[in-house]
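Student:
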Amino acid sequence: MSIYDRLNEPQRKAVFTTEGPVLILAGAGSGKTSVITHRIAHLIDDCGINSYNILAITFTNKAAKEMRERVDSLVGYGADAAWIMTFHSACVRILRRYIDRLGYGNNFSIYDTDDQKSVMKDVCKRLEVDTKIYKEKALLSQISAAKDELLKPDDLYQSASGNYNKMRVAEVYREYQEQLKKNNAVDFDDIINLTVELFEKDSEVLDYYQERFKYIMVDEYQDTNTAQFRLIYLLARKSGNLCVVGDDDQSIYKFRGANIMNILNFEQYFKDVSVIKLEQNYRSTQNILDAANSVIRNNTGRKDKSLWTAAVGGSKIFFNIYENGYQEAEGIAADINERISEGFGYNDCAVLYRTNAQSRALEERFLQYNIPYRIYGGINFYARKEIKDILAYLKTVDNAGDDLSVRRILNVPKRGIGTTSMDRIQGYAYDREISFYEALKAAKEIPSIGKAAAKAAPFVELIEGLRAKTGESSVKELIVEVIERTGYIDYLEDNDSPEVVEERRQNIDELISKAVSYEQSVDEPALSGFLEEVALVADIDSLDENNNTVSLMTLHSAKGLEFPVVYMAGMEDGLFPSYMSLSSGDISDLEEERRLCYVGITRAKERLVLSAARMRMIRGETQMNRASRFTDEIPKEYIASSVQSGSGRALRKDDYFSLPPRKPGQIAFKSFQKEAALSGIFDKKELAAEAGGPGYGEGDRVKHMKFGEGTVRDIKTGGRDYEVTVEFDTAGVKKMFASFAKLTKI
DNA sequence: GCCATTTCCCTTTTT
DNA sequence: GGGAAATGGC
C-alpha cells in the first residue's frame, strides 16, 4: 500500500512524469493539489532529489501554506528546504539578497496600492500633469499593464510613435519609477519585474538559481502574466524540468495581465511537452457539474476537455428571483438557516458575488438573523488607517529612505507640522538630493520653516530611539512603544467616536497578535521580515475552515476553494456579467466573465443556489436588470426554484424566462427612472421605445461613450439581446450588445 | 494650521 | 449612498 494508490491513472502519470516539460490540464475539482504534493513527495522519496532543488509556485499564501502542510505530512521532515511559496514571496526573497546589484538597498519597502497612488500624485504635480484629464489611477493601471508585459518606460516611449498621450504616459512612468527607487521602494509589479531584470543582467545570480531549482512546479498556471512566464522560463531553461498545472477555463485575471496564451501555447514554447489531462471531478454532484459544463461550453477557443464525475445525480440547482437586493439577502439568510437545521455547519456555506459592494446588504441581514459570517476581501486589513499609521512608523525605522512613510506619520499624531512646513522640508530635500528624513534631521538648517524645526526634533529622536532598539526588542515591543510614545490612542480618541476608537483598538490588537505569531513562526524574526509578510498577504489567506462562520467573498477570491453549499448572488446582466464586459465591444471580456461563472458553479459540492434581484441599488442608483444570460445557458432540467420562506416572493423561473429583450437605444439604467417609474412616466416611455423599434438602424450615425462616433453596419436581432456592429471613425469596428453600449443616434 | 463643509469618485475583479 | 479628498473660512 503506497500513498499513490488512491490516485487515478492520469493523476499517477502526472506524478511520475518528473523529467522534461509537463503541462497538466486540471479541470475544476480534479485533485490538482494532490497531484502536485504527491509529485513533490515522489521526487524526494523515490527519485532521491534533494528538497533544496525544488520550487513550487502558487498565487496565494493560503495555497502555499496548504501545499506545504500536505507535502510535510507526506514526506515527513525531508521537505524542509523546498521553496513552496507565492510568486511574490519567492521574488522578494531573491531580491532581499541580490537587489543591491540593481542599485536598490536590500532593506527596500514594498508599496501597496495606496502608496502607489501617493507617489503618483506627487509625480503628476512635479510633471505638471493635469489629473483631471489623466487620473492617477488610470496612469497607474497603464503603467501596471506595461509592467505585466515587461515594458520599460523607454519601450513605452518608443511604441508611442509620436502619440502625445502615450508619450506623456511614458514620461510619467519614468518619473514614477525614479521616485520609487529614490524611496528605496518597489511596487507589486516590480517584485516580479526586478527579479527578471536581475536574472537577465546578472548571469551569476541566474546560474545560482538555475542550479538550485532543478524541479519547478507552477500552480494556477493559467493566471501567469508575461513577466511571470519570463521568470519561470529563465529559471527552468537550463534543467527543462518545468511542470505547470492549470485550467484555461478558470483563467479570470486578464485584467491583471494574465496571458492566457501562456497555457494555450505552452507546447510551442517548450519542446516535447508531456500533456496530461485530469478530467475526473471529485468535488461536485452530476447536476452541478452538468450546469458548469453547459455554461462554459459557450466559450470559444478552449482546450478540449470534458469533466465527469462518478457522483451521479444530486439535488437540482436552485434559482430564485427577488424583487430587490434586500429580499435577496433575506432569502439567502433564510436558506442558510434551513441548512443549519438540516445539520450543515455555517462553515459549509459560502456566498459568492461579483463585486465587494454586494456584501453590505448580506451583512445587514446576517446580523439580523444571527448568522455568524466573515467577509473576505474588500478593504484590506492592512489598508486601514490605524494599521497603516503604525506600519509607517515601523517602515520609517526600517527604511528611512521611504519618504512616503515618513511624511505619513510626521504629523500623526499632530505635532504642529502642517502642509506648508512639510512642503518646505520636501523642497530642501529635493535641492540637496537627500531623503525627506535626512532633511528632517537637519531641520535647524532650513531657514523658512521657523518654529516647525523645533517640533521635528522630538520626532527624529523617537525614530532614532526605536531604531537603536530593533536588535534587542521584538516587533511586538516596537509596536507597543510606538503607540505609547506617540500617544496614539489619545490621538484616536480626539478624532473619532468611541465606537470607531474601539474598532481601531481592536485592529491594533490584531496587528500585535499578528506580530507575535510572526515571531513564533519564523526562525530569525526581524522587523523587515514582518513588514514584508504584512505587505504580501491577502485577506483570503486568513480563511480558516475550522471557524464556524459563513464565508462571504467575491467570485475571484473563491477560486481554489470549495464548499458544500454555495450561493451565487446577483445573477443579473450588468452586474454579472459586469456592465463593463458587456459594453466594451470585446467578446473575450464576456468570455472571461463566463469563466468566472464556471469557477463559481464548480465551487459547490452538494447544493448550489443562484439568485437575482429585479431591482438593485448600486452606487445610490436603482437599476433594473434582467437575469444573467449565464442562467439561460443552464438547461432548465437542472434547475428548480426553492421555496421562499422570507418575505420576498421568489418568482417561478418561467416568469423570468419570458422577460423581453431590451431594445437598442433603450436606456439601461438611470437613477431618475425609479422616480419616473413611480409617477408612471417611465412606463409610457418604455412602451414608446418598444413601439418605435430600435432607436437606430443600419447605416445610421451613432455615438458611443468611449469610442466616439461611427456608423451602424449590422444589427442582429437573434437571441435575447441585440448585437450591433458599428464601424467607428477612430476606434475601428466593434461588436457590442445594444442594451449596454448606450449608443445614441446622431 | 485646523476644522467643517463640499465635492468628487466610485465599483469589476487583486497578488 | 458613502468615504475620502479638496476647498474654504477661522
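Numbering (this note's numbering), first residue to last: 12 to 757.
Beta carbons: idealized from backbone N, C-alpha and C, even for Gly.
Return the bridge partner residues of R712 from the DSSP annotation.
Tutor: Beta-bridge pairing links R712 to T722.
Student: Using the rule of at least 16 other Cβ atoms within 10 Å of the residue's Cβ for burial, across every protein chain shown, is F266 buried or exposed?
Tutor: It is exposed - the Cβ of F266 has fewer than 16 other Cβ atoms within 10 Å.
Student: Report the residue from L566, A453 and V486 whose alpha carbon sits nearest the alpha carbon of P536.
Tutor: It is V486.
Student: How far does the alpha helix (DSSP H) with Y575 in it reach, from first residue to last?
Tutor: The question names Tyr, yet the displayed sequence has Pro at residue 575. Per DSSP, P575 belongs to no alpha helix (DSSP H); it is in the beta strand (DSSP E), F574 to M579.
Student: Please list, in chain order, all residues of the same chain as D83 whose beta carbon is under 7 Å from its beta carbon, the five residues on each side excluded.
Tutor: Only A90 meet the Cβ criterion.
Student: Do you know how far the Cα of V561 is from the Cα of Y357?
Tutor: Each residue's alpha carbon lies about 5 Å from the other.
Student: Which parts of the segment 69-116 are runs of the beta strand (DSSP E), unbroken and 3 residues or longer, counting only runs that do not cross its ends?
Tutor: Those beta strand (DSSP E) runs which fall completely within the segment 69-116 and span 3+ residues are 94-97.
Student: By Cβ distance below 7 Å, which residues in the same chain neighbour N19 in space, the five residues on each side in sequence not counted?
Tutor: Around N19: Q291.
Student: Comparing alpha-carbon positions, which option in N367, S594 and Q153 lies nearest H715?
Tutor: Considering only alpha carbons, the answer is S594.
Student: Would you say the segment 323-340 touches the segment 68-75, given that touching needs at least three Cβ pairs under 8 Å?
Tutor: As far as the Cβ criterion goes, the segment 323-340 does not touch the segment 68-75, which means the pair count is below three.
Student: Please list, in chain order, all residues of the same chain as E738 whose beta carbon is under 6 Å from its beta carbon, the five residues on each side excluded.
Tutor: Closer than 6 Å at the Cβ level, and outside the excluded window around E738, lie G721, T722, R724 and V744.
Student: Please state whether the Cβ-Cβ distance between K288 and L36 is less than 8 Å.
Tutor: For K288 and L36, yes; Cβs fall inside 8 Å.
Student: With a threshold of 16 other CB atoms inside 10 Å of the CB of D58, please say whether the residue is buried or exposed.
Tutor: A small fix is needed here, since residue 58 is Cys in this sequence, not Asp. Exposed, since its Cβ has fewer than 16 Cβ neighbours within 10 Å.
Student: Going by C-alpha to C-alpha distance, which of I343, V140, D315 and A196 sits closest to I274?
Tutor: Nearest option by C-alpha distance: D315.
Student: R605: which of M582, K616 and R625 sits nearest, CA to CA?
Tutor: When only C-alpha atoms are compared, the closest one is M582.
Student: Which first and last residues belong to the beta strand (DSSP E) in which Y226 is found?
Tutor: Counting along the chain, the beta strand (DSSP E) containing Y226 begins and ends at Y226 to V229.
Student: Could you tell me whether the Cβ atoms of L554 and Y387 are closer together than 8 Å?
Tutor: Cβ distance < 8 Å, so L554 and Y387 count as in contact.
Student: Taking buried to mean at least 16 other C-beta atoms within 10 Å of its own C-beta, is Q169 buried or exposed?
Tutor: With fewer than 16 Cβ atoms within 10 Å of its Cβ, Q169 is classed as exposed.
Student: Within the continuous alpha helix (DSSP H) that includes L503, where are the two ends?
Tutor: Segment Y499 to N506, the alpha helix (DSSP H) holding L503.
Student: Pick out whichever of Y707, Q239 and D740 has its Cα sitting closest to the Cα of L754.
Tutor: That would be Y707, whose Cα lies nearest to the Cα of L754.
Student: What did DSSP end up calling Y264 once you bin it into helix, strand or coil?
Tutor: Coil at Y264, not helix or strand.
Student: Just grab the DSSP bridge partners of R385 for me.
Tutor: Answer by DSSP bridge pairing, in chain order: S562.
Student: So M131 and L162 are in contact, right, with Cβ under 8 Å, and what is the actual spacing, rounded?
Tutor: With a Cβ gap of about 18 Å, M131 and L162 do not count as contacting.
Student: Just the C-alpha distance for R614 and R112, rounded to the nearest angstrom, thanks.
Tutor: About 44 Å.
Student: Does the beta-carbon of W94 have 16 or more other beta-carbons within 10 angstroms, so that it is buried, or is it exposed?
Tutor: Buried, since its Cβ has 16 or more Cβ neighbours within 10 Å.
Student: Does DSSP classify C58 as helix, strand or coil?
Tutor: If DSSP states are grouped into helix, strand and coil, C58 belongs with coil.
Student: Taking only three categories from DSSP, how would you classify T29?
Tutor: Three-state DSSP puts T29 in coil, outside helix and strand.
Student: Rounded C-beta distance between V284 and V26? I'm assuming under 8 Å.
Tutor: V284 to V26, Cβ: 17 Å. No contact.
Student: Give the secondary structure of D198 by DSSP, where H, G and I count as helix, E and B as strand, and everything else as coil.
Tutor: Here D198 sits in strand by DSSP.
Student: Distance check for A651 and Y145, CA to CA, integer angstroms please.
Tutor: Taking the straight line joining both Cα atoms gives about 49 Å.
Student: Assign L318 to one of three DSSP states: helix, strand, or coil.
Tutor: Coil at L318, not helix or strand.
Student: Beta carbon of S528, beta carbon of I551: below 8 Å?
Tutor: No.
Student: Which of the three DSSP states is assigned to N557 in this structure?
Tutor: Looking at N557 - three-state DSSP - the assignment turns out to be coil, as it is neither helix nor strand.
Student: Would you give the residue range spanned by the beta strand (DSSP E) that K288 belongs to?
Tutor: Counting along the chain, the beta strand (DSSP E) containing K288 begins and ends at S285 to L289.
Student: What does DSSP give as the partner residue(s) for R627 in the beta ladder?
Tutor: Looking at the DSSP assignment, R627 forms a beta bridge with Q634.
Student: Relative to the ligand FAD, is the shortest distance from any of its heavy atoms to the C-beta of L473 smaller than 7 Å?
Tutor: The ligand FAD is not among the ligands present in this structure, which contains no ligands whatsoever.
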